[in-house]
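End of the sequence shown sits at 348 in the UniProt record's numbering; the numbers just go up one at a time, nothing left out.
Backbone N, C-alpha and C define an ideal beta-carbon position, used for all residues, glycine too.
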Amino acid sequence: VEDVSAEQDFMNLGRWLMENTSDKELTVLMAQLGLACKATSRACAKAGIAGLFGLAGEVNSTGDDQKKLDVLSDEIFVSALINSGACAVLVSEERDEAIIVPEEKAGRFCVAFDPLDGSSNIDCNVSTGTIFAVYEKLHPDSKDSSEADILRTGTDIVVAGYCMYGAATELVLCFRSNDAGVERFSLDPSLGEFIHTHTAVKIPPGGGKKIYSCNEGNSCNWDAPILDAVAQFKAEGYSARYVGSMVSDVHRTILYGGIYIYPADKKSAKGKLRVLYEGFPMALIVETAGGIGSTGLFQGKVQRMLDLVPGSIHDRCPVILGSPRDVKLVLSKYEAGN
Ligand code: AHM
Ligand code: MG
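Okay, structure coming up:
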């Protein structure tokens, strides 16, 4: 019933943006991001037929082998964002350096993005996603732009979002200034439009449908608080669910409740996930939905993730996010250890 009414309402992304943002430049930028998500969705859906599975033969900024679809989706987003005329600085997981947009095409915003997250799932047709964070330049009227415009705390983000390329392609947006909060849009492939389906999404408080999500293959390297917390989840009858694509694992966590953990460990003192285009946008969305996003014990203290200041564009941080009850349980283990 909900789907039918959503369709009859014809609230597509374009109309939703026009009704909910007074900022024309931001509206154009978000429409271009939506278009790039649709192009990436189409590329993922056609990948087998178009010969797009497999490696591109390159290694990206963080040392991972690049897949053909990683490269293609990066080009899609860079081109869409530069041509929006709304961007000054772009940071992509797939590029070592930030892109400073030439003055004739530059605008007020900076975007950090992972164009196709969950690379290990590309070739076996398991869900992947795009994650992005939009900032406004420190000095919007200045012609000068640099990495400093984007190396800022997560609390400065203007819009955070992700797009999941799953059984359906779904776009989730969170405008910091919008009262509604976390908004869901579903791609209707026959219309080629994102249709608004849910407003003000809230995460369950936790402890209901009990799910913990982490790569337990790394547990031999975890610290005692993470081991204790996961042992307690199991003792309380939690189910394990782990896709290995952050977008899917976090999307499920927001909708069903539970916890998603990618901690620091003995091998990786900063964890695996990147601050600017993985940790921050997801933490802002989860917090806006009523959840908690933390780093756990990191750089000597237990921190709210959004308060970090990344030191470099590809910086990493540990990620612990989800329902308040479940995240608090993990944090209580750190407190008990102090
Ligand atoms: P990627 O950016 O190279 O795709 O890596 C990020 C992904 C996340 O989507 C996911 O949560 C995590 O890496 C999974 O890592 P692991 O395979 O170590 O469990
Ligand atoms: Mg990634």
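- Distances from the CA of I86 to each of A250, F123, K115 and I323 were compared; the closest alpha carbon is that of F123.
- Distance from the CA of L82 to the CA of V340, rounded to the nearest whole angstrom, comes to 38 Å.
- Beta bridge pairing from DSSP links E203 with D198.
- Per DSSP, the beta bridge partners of H208 are R194.
- Shortest gap from the CB of D259 to any heavy atom of the ligand MG: 7 Å or more.
- Of the candidates S129, C184 and V99, the residue whose Cα lies closest to the Cα of G139 is S129.
- Counting C-beta pairs closer than 8 Å gives fewer than three between the stretch 303-318 and the stretch 253-267, which falls short of the contact rule.
- Annotated as distal: A299 and K220, with beta-carbon spacing of 8 Å or more.
- Ranking A234, V88, P334 and R25 by CA distance to the CA of K343 puts A234 first.
- Contact between the stretch 199-218 and the stretch 27-36 is absent, with fewer than three C-beta pairs closer than 8 Å.
- Straight-line spacing of the CA atoms in I110 and K48 works out to 25 Å.
- In this structure, the alpha-carbon of I205 lies about 16 Å from that of Q42.
- When Cβ pairs closer than 8 Å are counted between the two stretches, the stretch 310-328 is seen to touch the stretch 276-295, the count reaching three or more.
- Taking the CA atoms as reference points, T165 sits about 16 Å from L183.
- In this chain, the alpha helix (DSSP H) harbouring G58 covers A57 to A60.
- For the ligand MG, no non-hydrogen atom lies closer than 7 Å to the CB of E104.
- The nearest non-hydrogen atom of the ligand MG is less than 7 Å from the C-beta of D124.
- In this structure, the ligand AHM has no non-hydrogen atom nearer than 7 Å to the beta-carbon of G67.
- Here Q313 is bridged, per DSSP, to G306.
- With a threshold of 7 Å, the Cβ atom of E345 does not count as near the ligand MG, since no heavy atom of the ligand is closer than that.
- Boundaries of the beta strand (DSSP E) around D124: F119 to D127.
- Inclusion of A66 and K56 in the CB contact set at 8 Å is not warranted, their separation being larger than that value.
- The three-state reading of DSSP puts K77 in strand, counting E and B together.
- As a beta-bridge residue in DSSP terms, N22 pairs with I205.
- At a cut-off of 3 residues, the continuous stretches assigned as beta strand (DSSP E) that sit fully inside the stretch 209-239 are 221-223.
- 8 Å or more divides the Cβ of I141 from the Cβ of P320.
- For S102, the uninterrupted beta strand (DSSP E) segment begins and ends at C97 to S102.
- Residues of the same chain with a CB within less than 6 Å of the CB of G191, apart from the 5 flanking positions on each side, are A210 and T298 in chain order.
- Taken through DSSP and simplified to helix, strand or coil, C47 comes out as helix.
- In the DSSP assignment, T179 falls within the beta strand (DSSP E) that extends over T179 to F185.
- Rounded to the nearest whole angstrom, the CA to CA distance from V337 to T263 is 12 Å.
- With contacts defined as CB atoms closer than 8 Å, G332 and V285 fail to qualify as a contacting pair.
- For the ligand MG, no non-hydrogen atom lies closer than 7 Å to the CB of D84.
- The closest CA to that of D74, considering only G347, K282 and C230, is found on K282.
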